[in-house]
Every structure is written in C-alpha cells, then in structure tokens.
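Asker: One structure coming up, written as structure tokens, with questions to follow.
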RNA sequence: GGCCCUAUCGUCUAUCGGCUAGGACAUCGCCUUUUCAAGGCGGUAAGCAGGGUUCGACUCCCUGUAGGGUCACCA
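Numbering (the working numbering), first residue to last: 4 to 438.
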C-alpha cells in the first residue's frame, strides 16, 4: 500500500453532523489509518450566510467524541487569498470569465464568474463504482465564484484538495454527479486527479436520503449521543452500513476496523439505517463493560439517589443509557413504595387458590425472619428447597409479586437483598395479610 | 424530465459461473426459568422481470421495471 495517503472529511458548518456524515468521516479515517496516511478535517464554510461557528464547534466536538482524530485541520475561509489567486489565474488563462447576469431572484448578483466549459466527455474512475462516463456539455458554463473573492463549493473543493495534497476523495454518492465539473476545474488549474470513492447513501426508513427537513433530529449524531449510545457502538454499527469484511464478525473495536477495512468491499447500493441493530450493537458493548465503567459512563443518566445496588440490574437490562430512567420507573421501581395491587395478582397461574398462596407466603416469612445474612445467595439457599418441593412458581411468584408489585421484575432473591430484611418482611407480611 | 448510480430474506449483508443461496438484526417457536431480560436450540423469510451468453447463471451482457442521487450565485 502507498505510504502517502491523505484523506479528508469536509463537512460544511451549516447544521449538525448526521449519521451519513459519521459514516463518511469514519471511512475516510479508516482508509487513512489503514494506509498509515493522514486524515484531514476541512470545514467548508464558503457559504458565509449559512455557516456558523457553533456548527463548526459542534462538528469538531462530535468527531472528537467518536474518537475520529484528525491529523490536519483546515478552515476553508482561511484560504481566501489562495482561492482568490486561483480565480484570477483562471480568468487570466481564459478558463473562466466574468459574466453579466440577469437578476431574477433576490440576492442574486448581476455579475458572477463562470467556468468556460470545454464540453467534453469525462471518465471518472471510482474505487467503488468503476468507470463512470459523463458528458459535461450538459453542465454549461457553470458558476465557480460569486465574485473574485468568493469561490463557490466546486472551486474551493478542487483548490483545497490540490493544496492539501489529498490523494483519496472519499465522500457520499450524492457528490458523484458533481465530480465531472470538479475534474474540469482540476484540469484547468493543472491539479492531479485524486482517486475517488463514492460511498452509497445512508437511507432513512423510506429509502430517501437522510435529511433534517424530512426526517428531523433522529438523523443527527447528537440525538444518539443524548440517548446515551456509546461512541464505539455507533462507529461499529455505522461501519457495517454499506460495508462488511466478508466474515461473520459483527463486533469490531476501532483498531480492528482499521485492520480489516477495505474500500473495495464497500457496497454500491444505498442502505437503510436500522435502529434495532444499533440497539443490539450498543447492548453488546454495555455487556462487555465492567460495572464501574458502566456507572461512570452512564452517570448523567442515573438519577441522584439511585441505590448502587440497582447498578448491576441497570447494566444488565439497558441497551442504551436512556433506558435507565424507564427501567427505574418500570421494572426496577420496586425500590419505591409499592402501589396498591389486587390480591389475586399474588396467585401463581398454576396455583389452586389464594389460601395455598397465603400458606406459601407464611412459610417464606417464617424462614426469612430467622435469616441473618440477607444476601441474595443466602435468601435463595433457605427458600430454594421449599420452592422445589412445593412448586417453584407457587412459592416464588407470590413472593416476587409481593416484593415488586409487578408482573415483571428481577428475581425475588435479588429484590430481597436490595430491599433488606425489614422492608422485605414488611412487604411479605402486607401481602400475607391481604389474603 | 435530462444525466448518473443502484437492485439477494422486513433490515444490514455473504456469494467474485457450480447454491441444498450462508450470517447478523428483527420476528416466531422450543428449552432454561417464579416473571422479565439474558442465554441455548430451532423455524419462517430473498436472488425485480424478460431476453441472451454458457454444459451450467444470483453471479456476465442487453432491455424493461423499480428505487435513489443530481441538475443552485448550498455544500
């Protein structure tokens, strides 16, 4: 592999980083790292009206959070002088000209700079799509600058890629149609042509391109950050949209991705972003975490005052951190005072009647009253023989229901330990007296 | 509409002419189990259509169809 690969991720600071952008950034990053090359981040802020510093900051912050560290940083607006010089050169050499325009819309200029289109066929060699031939005649003399000092995207991209020595342009497929005009500009300024790789689009459920207008915030990385997904999991999941190494492996650390990544294995067709798989992937990562790491990572999602005894259960059941609140209000709400429940709920489905249920509860109360060590192991040890002889559901269901007041909850032994002897016996007695 | 790209289970995909079409998510069933989750086992589920090429096409070619992208003084 070549030793001097330089890739770039070039977002415009006009909005949040969306999932498709994350994938583009990741692939550019992976390809650079894989080839021991350089990964550059370039902020494309030539649109002064729509570009905002806040978006730039957010972009940098998001990428850093993901762990996609760039080696080079360029702000396009800092290159204004260089752009201007090229525009002049292009005009002087006859490749571009100042064009008088008829103003039909507000904000339009009566004078812009257009590229003199040589009207030829361009053959793009794309790493993913092979050869694509386009006749540029259809493009006409397109605009390359609003004025001598204001280049338009296509011009700025070509100049910057050239100046930065970009060897591989890895970007989304939506840019494939733009490539011919960029190639024309390259030829005019005498820049070498980089190697192109146009990634298939990341699609929404309805198979259309992800967009804020149409699909709302759920396409933004921020949305998933706020929901408490892990950056490693997002990267892992996104890597597998439109690419896979050809093996059955599903979970990859970033280092592993770098090792096995291969642009030629990238898919050609667009792929739908599937949240269920993201959830599953994220859960895999949570399972691999130590309890300490889980608690530390999830600290912003765990309400103050939550009993540390619940932490293992939270880790076991949450597939993303935002699940924690739901869990605490639902399945794990037994730590709060119990709401009233119908006494029939205490009866196991295979149990004869409430009388028997009451008897089982009494036995449980008697056994636990004498118990000193209230660890779940210890509680289980004294009750298990009884449960086995009387029927596990017959004994354990009423006990669990009495302790949790719910159809779904952790096992009664864990609840006992968390509640402690006093509260456990209080709830059991309450249930017993109810019957 | 012009130009361009694409087309395997619901979804993400493997297959680079030999396929009883494999895996993962989701889904369903069973086991485990006091419930839920997790886990284990198993099931349902796919080659857009029509022509070629070939001994043999999911794989190659053509046409059609469908979907997407792009046609800005946005990137």
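Heads up, the beta-carbon is just placed ideally off N, CA and C, and yes, glycines get one too. Just so you know, these numbers come straight off a predicted model, no measurement behind them.
Quick one: grab the DSSP three-state call for residue 246.
Answerer: In the structure shown, residue 246 sits in a strand (DSSP, three-state: E or B).
Asker: Around the Cβ of residue 52, are there at least 16 other Cβ atoms within 10 angstroms (buried) or fewer (exposed)?
Answerer: Residue 52 comes out exposed.
Asker: In terms of residues, what are the limits of the beta strand (DSSP E) holding residue 147?
Answerer: Unbroken beta strand (DSSP E) run through residue 147: 146-150.
Asker: For residue 35, count neighbouring C-beta atoms within 10 Å of its own C-beta (all shown protein chains included) and say buried if the count is 16 or more, exposed if not.
Answerer: Per the 10 Å Cβ criterion, buried.
Asker: Taking residue 406 and residue 337 to be in contact with their CB atoms under 8 Å, please state how far apart those CB atoms are, rounded to whole angstroms.
Answerer: With a Cβ gap of about 6 Å, residue 406 and residue 337 count as contacting.
Asker: Mapping the DSSP letters down to three states, classify residue 381 as helix, strand or coil.
Answerer: Here residue 381 sits in helix by DSSP.
Asker: Roughly how many angstroms separate the alpha carbons of residue 291 and residue 123, rounded to a whole number?
Answerer: Cα to Cα, the separation comes out at about 56 Å.
Asker: Just to confirm the assignment, what range does the alpha helix (DSSP H) spanning residue 309 have?
Answerer: Neither: residue 309 is in no alpha helix (DSSP H) and is coded neither H nor E.
Asker: Please tell me whether residue 206 and residue 212 are closer than 8 Å, where the distance is taken between their beta carbons.
Answerer: A contact, by the Cβ cut-off of 8 Å.
Asker: Helix, strand or coil for residue 368 per DSSP?
Answerer: Three-state result, residue 368: helix.
Asker: In this structure, what does DSSP give as the bridge partners for residue 261?
Answerer: Per DSSP, none; premise fails for residue 261.
Asker: Suppose contacts are defined by Cβ-Cβ distances below 8 Å. Is residue 285 in contact with residue 233 by that definition?
Answerer: Yes, Cβ-Cβ distance for residue 285 and residue 233 is below 8 Å.
Asker: Are the beta-carbon atoms belonging to residue 169 and residue 9 less than 8 Å from one another?
Answerer: Going by C-beta atoms, residue 169 is nearer than 8 Å to residue 9.
Asker: Indicate the three-state DSSP secondary structure (helix, strand or coil) for residue 338 in the structure shown.
Answerer: It is helical.
Asker: If I follow the unbroken beta strand (DSSP E) through residue 135, where does it start and stop?
Answerer: Note, residue 135: beta strand (DSSP E), 133-138.
Asker: Among 106, 424, 430 and 431, which has the Cα closest to the Cα of residue 381?
Answerer: The shortest C-alpha separation from residue 381 is found at 424.
Asker: Taking the alpha carbon of residue 250 as the point to measure from, which residue in 239, 263, 241 and 256 has its own alpha carbon closest?
Answerer: The shortest C-alpha separation from residue 250 is found at 263.
Asker: Identify which residue in 421, 70 and 133 has its Cα closest to the Cα of residue 376.
Answerer: Closest by alpha carbon: 421.
Asker: On the CB-based measure, 16 or more other CB atoms within 10 Å of its CB, does residue 5 come out buried or exposed?
Answerer: Low local confidence applies: a pLDDT of 46 at residue 5 is under 50, so the model's placement there is unreliable, with the coordinate-based value given in what follows. Flag for residue 5 reads exposed.
Asker: By the DSSP assignment, the alpha helix (DSSP H) with residue 299 in it spans what residues?
Answerer: Run containing residue 299: 294-300, per the alpha helix (DSSP H) assignment.
Asker: With respect to the alpha helix (DSSP H) encompassing residue 433, which residues constitute its N-terminal and C-terminal limits?
Answerer: Where residue 433 is concerned, the enclosing alpha helix (DSSP H) stretches over 415-437.
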